[in-house]
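From first to last, the protein sequence lines stand for chains A and B. So the first sequence is residues 1 to 453, counted in UniProt numbering. So the second sequence is residues 1 to 136, counted in UniProt numbering.
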Amino acid sequence: MSTFYGDEVSAIVLDIGSNWTRAGYAGEDTPKLVFPTSYGFLPEENVENDGDIVMGENSNANLGESEGDPYYPKRKKRPKKRRGSYIIGDAAVMAWRPSMEIKNPLVDGTIRDWDALEEIWDYIFWEDQLDIDPKEHPLFVTEAAWNTREIREKLTEIAFEKYQTLAFYIAKNPVLSAFAAGRPTAIVLDCGASSTSCVPVVDGYVLKKGIHKQPIAGDFLSEYLLQQIQSNPQISVIPHYLISKKFIVDADKPSNPILRDRPNTTESYNKFMQMRVMHEFKESVCQVFETTYDELVISARPMKTFEFPDGYNTSFGPLRFNAPEILFSPQKFLPQSSLEGIDVSSLYGVHEMICNSVGSCDIDSQPHLLNNIILTGGTTLLPGFTDRVNYELSMMRPGSKIKIHAPGNTIERKCSSWLGGSILASLGTFHQLWISRKEYDDYGKSIVEKKCE
Amino acid sequence: MASGVKVHEDCLTKFKDLRAGKFKYILFKISQDFEEIVTDTTVKDTTYDEFVASLPEGEPRFAVYDFEYEKPGEGHRRKLIFYSWIPDTANVKSKMIYASSKEGFRKKLETSFEIQGTEPSEVSYETVLERAVRTS
C-alpha cells in the first residue's frame with residue numbers, strides 16, 4: 001500500500017459556513033477550531049504602527065514572527081499586507097474596537113471576498129491556531145452544492161500557488177452530510193444561518209436540477225425577532241459590549257444598567273452583537289409548533305422568560321412560535337416590508353422545498369428520497385422542527401413513507417460535513433482521489449472539475 | 001465522490017458463483033484497515049428472513065441476494081439485488097466509509113436494482129417484492 005501521505009501527516013479539513021468556520025485535522029471527531037466566519041475590519045487609518053494590528057487578547061500572535069525565534073521555530077511570518085487589518089476569531093471579533101466594521105466573506109454560501117478568505121486561511125494555519133505549515137499537509141475543503149466552477153478553480157489555485165499545499169480536494173456539503181448519515185442517496189435539507197437549501201444526492205452525486213434554496217434561515221429569524229422585540233418601547237436590545245454593570249430587576253421592570261462609552265462604534269458591529277443576543281434568544285425561547293399553526297392553542301402555551309444582557313427580563317408568548325413559523329409559512333408570516341429584493345410569493349415553506357426538490361427527481365426515485373430526508377444546519381435544532389417537517393410532509397404526500405434523519409448529536413447535526421470530510425480525508429485509500437501537486441502542475445486549475453465531481 | 005476503497009478479486013468471483021446458483025446470498029464488508037471490500041459470508045440454503053436476520057444490528061454490510069418470486073400472470077422470476085445495509089445505529093465513521101464506497105462497488109456487480117437499508121423494515125420481504133414487481 002502506498003504511503004503517499006504517511007500517518008504523521010494528517011490532512012487539514014476546512015468547512016467555511018456562512019456563520020461558522022470549522023477547521024481541524026482529518027481523523028478527529030470534532031474540529032479543533034470553530035469561529036465566526038464574519039471578521040472585523042479596521043480601515044488603514046485605524047491601524048497603528050505600520051500594519052501592526054490593534055488588538056487585545058490576540059496581540060501575542062506577533063510573538064513568533066521574528067525569524068529564528070527559539071520558542072516558535074516552526075511558525076512562519078504571516079505573509080502581509082493587505083490594506084487595513086483583519087480581525088478573526090471568536091473572542092477577537094466580539095471585542096469592541098472603534099471603527100471596526102464586521103464583514104462576511106460569503107454571499108449566498110459561496111466566497112466573494114478573496115482577501116478575507118486568505119486572511120481566514122492564514123489565521124487557521126498560522127497565528128497560534130493550528131500552527132502548521134500548509135506545505136506539509138493535504139487540504140480538504142467543503143463547498144455549497146451550487147458553488148461555481150470559477151470559485152472552485154480559484155480555490156484550487158490559491159491552495160497550490162499561495163499555500164503550496166501537498167494536495168487538495170473540494171467536496172460538496174450535502175454529499176458529505178448524506179454519507180455521514182449512511183445514505184448514498186438522500187434529500188439533504190440544510191437550514192443554517194444565511195440560507196435554507198434542499199439538495200437531492202443520488203449515489204453520492206448532487207442532482208443539480210433538484211437544488212432549491214432561499215435566503216430565509218436563522219439570520220433572518222434573528223432579524224425578524226429583533227424588529228419585533230424592539231417594536232415594544234419597553235425593550236431595547238443592548239448588546240453585551242455596551243454594558244458596564246447590570247442590576248437584577250423584577251420582570252418587566254426597567255433595568256437601568258450602567259453603560260460603557262463606546263464612541264465610533266460601527267453600525268455593522270452593533271448589529272453583529274445584537275444578532276448574537278437574538279441568537280441566544282432563539283436558542284432559549286423559540287420553538288416550532290408541531291402541527292398546523294393554531295393561534296388559540298399557541299396563546300394557551302406556557303410563556304418563556306428571557307433576560308436581556310442589560311438585566312431586563314420578560315416573558316414571551318406567541319412570538320416564541322411566530323418567528324420560526326416564517327420557515328414553514330413565509331407567505332403568511334412574513335411582512336413583505338421586511339424583505340428587500342425578495343418577492344414573498346416566491347418563497348416556500350421548508351416542507352414545500354423538500355417536495356419541490358423531490359418532485360424534480362425522476363418518479364421512480366421519489367419514494368426512496370422521501371424515505372431518506374436528512375436535516376442539517378443549526379436552525380434545524382429548534383425544538384419541534386423535525387416533528388413539524390414530518391407532519392407537513394405527511395399532509396402533502398399522504399400514503400408516502402416519510403423518514404427524517406436528524407442526528408440527536410449536536411456535533412453531527414451542526415458539523416456533519418466537516419465530520420464527513422474528516423473521516424474521508426483520513427482514509428489511506430483516499431490518496432488516489434486527492435489532486436496532487438503534480439496533477440495540478442500538469443493540468444492546471446481546471447483539474448478540479450475532473451477530480452472533484 | 002468516493003472513498004477509494006478497493007474491491008478484492010474474491011468478491012467478484014463469489015458474485016459469479018452466486019449468479020451461477022451456488023449461493024443464495026453474500027455479505028460483503030470493508031476490511032478492518034479500511035483498505036478493501038472483502039467477502040464476509042456466503043450462504044447457500046436459506047430463507048429471506050434468515051438473510052435479514054444475518055444483517056448485523058449496529059454495523060454496515062453490502063449484500064447481494066438472489067431473489068426469486070412469482071409475478072402474477074407471468075410466472076417465476078429471479079432477480080439479483082444489491083443491498084447497502086448501513087443501519088442508523090452504526091457509528092458515523094463506518095457509515096461514512098460504507099456510504100462513500102457503495103457506488104464504486106455496486107457498479108462492478110451486475111444486479112437488477114439496489115436497496116438502501118437503514119433499518120430492518122426497509123429491507124423487508126414485502127418492500128423488496130414490491131420493488132421487484134415494479135421494476136421488471
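The C-beta atom is built at its ideal place from N, Cα and C for all residues, glycine as well. As the structure is a prediction and not an experimental result, all values here were calculated from the model.
| query | For Arg183(A), which residues in chain B fall below 8 Å Cβ to Cβ? | reply | Walking along the first sequence from the start, residue 183(A) turns up at place 183. Ile86, Ala99, Gln116, Thr118, listed in chain order.
| said: Given this structure, state the Cα-to-Cα distance separating Gly51(A) from Asp343(A), to the nearest angstrom. | reply: Walking along the first sequence from the start, residue 51(A) turns up at place 51. Walking along the first sequence from the start, residue 343(A) turns up at place 343. With a pLDDT of 44 at Gly51(A), under the threshold of 50, the predicted position of this residue should be treated as unreliable, though the coordinate-derived value follows. Approximately 44 Å, taken between the alpha carbons.
| task | Please name the residue, chosen from Gly428(A), Tyr86(A), Pro31(A), Ala11(A), that lies closest to Glu44(A) on a Cα-to-Cα basis. | result | In the first sequence, residue 44(A) corresponds to position 44, counting from 1. Ranking the options by Cα distance to Glu44(A), first place goes to Tyr86(A).
| Whole-number beta carbon distance between Leu433(A) and Lys401(A), since they are thought to touch under 8 Å | Locating residue 401(A) in the first sequence gives position 401, counting from the first residue. Locating residue 433(A) in the first sequence gives position 433, counting from the first residue. With 8 Å as the limit, Lys401(A) and Leu433(A) do not qualify as a contact, their Cβ atoms being about 34 Å apart.
| request: Drop a sphere of 10 angstroms on the beta-carbon of Asn104(A), count the other beta-carbons inside from all chains shown, and report buried for 16 or more, exposed for fewer. | output: In the first sequence, the residue the question calls residue 104(A) occupies position 104. Answer is buried; the Cβ neighbour count reaches 16.
| Taking the alpha-carbon positions, what's the Val38(B) to Leu393(A) distance? | Residue 38(B) sits at position 38 when you count from the first residue of the second sequence. Residue 393(A) sits at position 393 when you count from the first residue of the first sequence. In a straight line, the C-alpha of Val38(B) is about 40 Å away from that of Leu393(A).
| task | Quick one: measure Cβ to Cβ for Val199(A) and Val188(A), integer angstroms, because I've assumed they're closer than 8 Å. | result | Position 199 of the first sequence, counting from 1, holds the residue named residue 199(A). Position 188 of the first sequence, counting from 1, holds the residue named residue 188(A). Indeed they touch by this definition, with Cβ atoms about 5 Å apart.
| field | Span of the alpha helix (DSSP H) around Val188(A) | value | By 1-based counting over the first sequence, the position of residue 188(A) is 188. Element bounds for Val188(A): not the alpha helix (DSSP H) but the beta strand (DSSP E), 186-191.
| Nearest to Met94(A) by CA position, among Ala186(A), Phe140(A), Asn270(A), Gly349(A), is which residue? | For the purposes of this step, residue 94(A) is taken as residue 94 along the first sequence, with counting starting at 1. Cα-wise, what sits closest to Met94(A) is Asn270(A).
| query | Per DSSP, what kind of secondary structure is Asn313(A) in: helix, strand or coil? | reply | Counting from one through the first sequence, the residue named residue 313(A) turns up at place 313. Three-state result, Asn313(A): strand.
| request: Anything in chain A within Cβ reach of Lys93(B), meaning under 8 Å, just list it in chain order. | output: For the purposes of this step, residue 93(B) is taken as the residue at position 93 of the second sequence. Chain A residues near Lys93(B): Ile423.
| message | Please list, in chain order, the chain B residues whose beta carbon lies closer than 8 Å to that of Gln432(A). | response | Translated into positions along the first sequence, residue 432(A) becomes position 432. Chain B residues near Gln432(A): Gly4.
| What does Gly204(A) touch in chain B if you count any residue whose Cβ is under 8 Å from its own? | Working through the first sequence from its first residue, we reach residue 204(A) at position 204. The answer, in chain order, is Met1, Ala2, Ala99, Ser100, Lys102, Glu103.
| message | Run through chain A and tell me which residues come within less than 8 Å of Pro56(B), C-beta to C-beta. | response | Your numbering for residue 56(B) matches position 56 in the second sequence. Neighbours of Pro56(B) on chain A: none; closest Cβ ~13 Å, over 8 Å.
| request: May I ask you to list the residues that DSSP assigns as paired with Tyr125(B)? | output: Within the second sequence, numbered from 1, the residue matching residue 125(B) stands at position 125. Answer by DSSP bridge pairing: none, since Tyr125(B) is not bridged.
| Ordered along the chain, which non-local residues of its own chain (more than five positions away) have a Cβ less than 7 Å from that of Val128(B)? | On the second sequence, residue 128(B) is found 128 positions in, with the first residue counted as 1. The answer, listed in chain order, is Phe67, Ile81, Ile115.
| Quick one: which chain B residues come within Cβ less than 9 Å of Val175(A)? | Counted from its first residue, the first sequence places residue 175(A) at position 175. Result: Met1, Ser100.
| query | Is it buried or exposed for Gly204(A), if we count other Cβ within 10 angstroms and need 16 for buried? | reply | Numbered from its first residue, the first sequence carries residue 204(A) at position 204. So Gly204(A) ends up on the buried side.
| request: Would you be able to state if there are at least three C-beta pairs under 8 Å between the segment 404-411 of chain A and the segment 128-146 of chain A? | output: no
| query | Given Ser100(B), which residues of its chain have a CB within under 7 Å of its CB, disregarding the five upstream and five downstream residues? | reply | Within the second sequence, residue 100(B) is the residue found at index 100, counting from 1. So the list reads Met1, Ala2, Ser3, once near-sequence residues are dropped.
| query | If we cut at 7 Å on Cβ distances, does residue 491(A) have a partner in chain B? | reply | With chain A covering 1 to 453 only, the question about residue 491(A) has no answer from this structure.
| Partners in chain B for Cys453(A), counting only beta-carbon separations shorter than 8 Å | On the first sequence, position 453 is the one that residue 453(A) refers to. Just to set this straight, residue 453(A) is Glu in the shown sequence, not Cys. What Glu453(A) touches in chain B: Met1.
| message | So Pro72(B) contacts chain A; which residues on that side make the cut at Cβ distance below 9 Å? | response | For the purposes of this step, residue 72(B) is identified with residue 72 of the second sequence, where counting begins at 1. Near Pro72(B) there are no residues of chain A at all, since even the closest Cβ is about 20 Å away, more than 9 Å.
| query | In chain order, what residues of the same chain have a beta carbon less than 7 Å from the beta carbon of Thr266(A), not counting five sequence neighbours either side? | reply | As a first step, residue 266(A) is located in the first sequence; it is residue number 266 there, counting from the start. Cβ within range, chain order: Ser99, Met100, Glu101.
| query | Buried or exposed: which applies to Leu106(A), given that a residue is buried once 16 or more other Cβ atoms fall within 10 Å of its Cβ? | reply | By one-based count along the first sequence, residue 106(A) stands at place 106. Counting Cβ neighbours within 10 Å, Leu106(A) comes out buried, since at least 16 surround it.
| task | Identify, in the order they occur along the chain, each residue of the same chain with its Cβ nearer than 8 Å to the Cβ of Gly117(B), setting aside the five sequence neighbours on each side. | result | As a position in the second sequence, residue 117(B) is number 117, starting the count at 1. Closer than 8 Å at Cβ, skipping near neighbours: Leu55, Tyr83, Ser84, Trp85, Ile86, Pro87, Val123.
| request: Identify the continuous beta strand (DSSP E) that holds Cys452(A) and give its terminal residues. | output: Numbered from its first residue, the first sequence carries residue 452(A) at position 452. Where Cys452(A) is concerned, there is no enclosing beta strand (DSSP E), given that its DSSP letter is neither H nor E.
| query | In terms of alpha-carbon separation, which member of Ile229(A), Gln234(A), Cys191(A), Ser231(A) lies closest to Lys213(A)? | reply | To locate residue 213(A), count along the first sequence from 1; it is residue 213. The option with the nearest alpha carbon to Lys213(A) is Cys191(A).
| Residue ranges of each beta strand (DSSP E) run of no fewer than 3 residues wholly in the segment 316-380 of chain A, ordered along the chain? | 373-376
| field | From Ala63(B), Glu130(B), Gly73(B), Ala132(B), residue whose alpha carbon lies closest to that of Lys24(B) | value | For the purposes of this step, residue 24(B) is identified with residue 24 of the second sequence, where counting begins at 1. Lys24(B) has its Cα closest to that of Ala63(B), out of Ala63(B), Glu130(B), Gly73(B), Ala132(B).
| message | Counting only C-beta atoms, is Phe179(A) closer than 7 Å to chain B at any point? | response | In the first sequence, the residue the question calls residue 179(A) occupies position 179. Yes, Phe179(A) lies at the interface with chain B (some Cβ there is under 7 Å from its Cβ).
| said: Checking 7 Å against the spacing of the C-beta atoms, do Ile158(A) and Tyr123(A) come in under that value? | reply: Counting from one through the first sequence, the residue named residue 158(A) turns up at place 158. Counting from one through the first sequence, the residue named residue 123(A) turns up at place 123. In this structure, Tyr123(A) does not lie closer than 7 Å to Ile158(A) by Cβ.
| query | Just checking, does the segment 163-173 of chain A make contact with the segment 380-398 of chain A on the three C-beta pairs under 8 Å criterion? | reply | no
| To which residues of the same chain is Thr386(A) closer than 8 Å at the C-beta, ignoring the five residues directly before and after it? | Looking up residue 386(A) in the first sequence gives position 386. Counting only Cβ-Cβ distances below 8 Å, and skipping sequence neighbours, we find Leu375, Thr380, Ile404, Ala406.
| query | So who's on the other strand from His76(B), going by DSSP bridges? | reply | Within the second sequence, residue 76(B) is the residue found at index 76, counting from 1. His76(B) is bridged to Glu70(B).
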